[in-house]
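Chains as they are written, first to last, in the numbering used here: chain A, 202 to 400; chain B, 202 to 400.
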């Protein structure tokens with residue numbers, strides 16, 4: 202690689218700092234950008250700059266936004282009495298992609314993890330408490346992931362909000378759709394049996 | 202994806218135009234850049250801009266350079282009487298990585314391909330002829346790839362340069378090192394048998 206001129210080496214190094222991009226891929230991308238039209242390369246560079254300068258967190262749900270309030274919080278067709286609590290914007294994107302949800306969100310920005318020194322004050326639990334106004338909010342869905350930290354976070358929020366008369370729910374665990382029973386771990390299977398429902 | 206703010210969608214789209222980067226990877230990279238330090242993002246954007254503005258072709262060998270002449274053509278330790286002819290800078294990089302070559306290069310910028318309308322005037326064969334000065338150049342190694350176009354290009358150059366008393370060679374074909382004989386295609390095997398050498 203050392204035979205490349207400096208600007209090529211620099212871009213290869215910058216790109217290979219990105220997650221999942223190795224030296225080889227970075228080299229391929231750099232040579233592609235070199236051959237691309239000047240407009241395409243300029244657009245890419247401008248989009249990176251714009252991203253960093255214009256994105257902030259929605260003041261209501263803390264998801265990414267280029268305004269004070271995000272698209273979802275300002276969408277009149279969304280049910281504002283229904284809050285789905287997720288760990289991060291990626292999890293929120295996963296719920297959005299399913300197209301099965303029409304409420305709004307609350308992004309915690311992390312999960313409780315005593316081992317990593319992450320307590321209730323390090324994630325946006327206080328902000329969730331402020332939003333949990335009985336009468337205004339009908340239901341809060343706890344959609345943190347189903348590992349130890351996710352379950353602990355859900356339990357903590359549950360305990361904190363129990364006294365309000367807001368309905369509190371947890372996303373279902375069980376066999377994935379199309380999933381073959383023989384490949385399911387036994388904890389998931391236990392959960393699926395425990396939460397079985399009648400017709 | 203439509204729930205993301207505009208600047209995020211724009212960068213995802215710009216990144217997914219790169220080869221081998223799908224929507225999912227582009228989304229992951231965008232969220233990484235969003236969380237990265239402002240410095241890291243600015244560096245990446247600046248490196249893209251600098252790449253496009255500062256890279257040109259070496260006036261001798263036509264590889265990438267940020268000067269009139271590239272690092273290799275100006276390296277006093279390189280043997281200037283030995284030219285390795287390759288299709289493109291990626292192939293040149295492959296030869297460089299092997300660290301087995303100490304001459305200089307000639308980048309054709311393509312291969313002869315009548316089917317795609319690429320003739321001798323469309324690639325840098327005339328420029329190679331100009332460089333092929335007997336006395337100054339001892340040997341020209343034809344290192345175009347071993348498919349139909351690569352072989353045709355090598356043959357064409359061979360015919361053109363036959364009358365000079367420059368030594369003309371072609372890179373060897375055969376079983377890759379560590380290659381298992383049973384997985385080798387029969388053309389490679391034929392070539393490996395035909396070009397067998399004594400001890």
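Idealized CB from N, CA, C, for every residue including glycine.
As the structure is a computational prediction, the values presented were derived from the model and not from experiment.
- Secondary structure of residue 312 of chain A, DSSP reduced to three states: coil
- Query: Who are the Cβ neighbours of residue 367 of chain B in its own chain at under 8 angstroms, not counting the five residues just before and after it?
  - Reply: 333, 335, 338, 339, 340, 341
- Query: Below 9 angstroms between beta carbons: does that hold for residue 288 of chain A and residue 258 of chain A?
  - Reply: no
- Task: State buried or exposed for residue 351 of chain A, treating a residue as buried only when at least 16 other CB atoms are found within 10 Å of its CB.
- Result: Buried.
- Task: Give, in chain order, every unbroken run of the beta strand (DSSP E) that is at least 3 residues long and sits entirely within the stretch 257 to 335 of chain A.
- Result: With a minimum length of 3 residues, the continuous beta strand (DSSP E) runs that stay inside the stretch 257 to 335 of chain A are 280 to 287, 304 to 308.
- Item | Validate contact between the stretch 229 to 236 of chain B and the stretch 212 to 221 of chain A using beta carbons, cut 8 angstroms, 3 pairs | Under the Cβ criterion (8 angstroms, minimum of three pairs), the stretch 229 to 236 of chain B counts as touching the stretch 212 to 221 of chain A.
- Task: Give the C-beta separation of residue 345 of chain B and residue 355 of chain B to the nearest angstrom, bearing in mind that I take them to be a contact with Cβ-Cβ under 8 angstroms.
- Result: The pair is a contact, with the Cβ atoms about 5 angstroms apart (cut-off 8 angstroms).
- Hey, out of B:276, B:250, B:247, B:387, whose CA is closest to residue 261 of chain B's CA? B:276
- Item | Anticipated Cβ contact below 8 angstroms, residue 267 of chain B with residue 207 of chain A, distance rounded | 6 angstroms
- Compare the C-beta of residue 204 of chain B against all C-beta atoms of chain A and say whether one is closer than 9 angstroms. True, the Cβ-Cβ gap to chain A drops below 9 angstroms.
- Less than 9 angstroms separating the beta-carbons of residue 353 of chain B and residue 314 of chain B? yes
- Kindly indicate if chain A contains any beta-carbon less than 9 angstroms away from that of residue 229 of chain B. yes
- Task: Pull up the distance between the alpha-carbon of residue 224 of chain A and that of residue 307 of chain A, whole angstroms please.
- Result: 37 angstroms
- Item | Cβ contact check for the stretch 389 to 397 of chain A and the stretch 238 to 251 of chain A: 3 or more pairs under 8 angstroms | no
- Message: Once DSSP output is grouped into helix, strand and coil, what is the label at residue 222 of chain A?
- Response: coil
- Message: When you compare the CB of residue 346 of chain B with every CB in chain D, is at least one pair closer than 9 angstroms?
- Response: The structure shown contains no chain D; its protein chains are A and B.
- From A:377, A:210, A:394, pick the residue whose C-alpha is nearest to that of residue 265 of chain B; which is it? Distances from the CA of residue 265 of chain B to each of A:377, A:210, A:394 were compared; the closest alpha carbon is that of A:210.
- Task: Express the C-alpha separation of residue 347 of chain B and residue 271 of chain B in angstroms, rounding to a whole number.
- Result: 27 angstroms
- Can a CB atom of chain B be found closer than 9 angstroms to the CB of residue 233 of chain A? yes
- Query: Are residue 331 of chain A and residue 304 of chain A close, meaning C-beta to C-beta below 9 angstroms?
  - Reply: no
- From residue 349 of chain A to residue 316 of chain A, what does the alpha carbon distance come to, in whole angstroms? 11 angstroms
- If you measure from the beta carbon of residue 221 of chain B to each beta carbon in chain A, is any gap under 9 angstroms? yes
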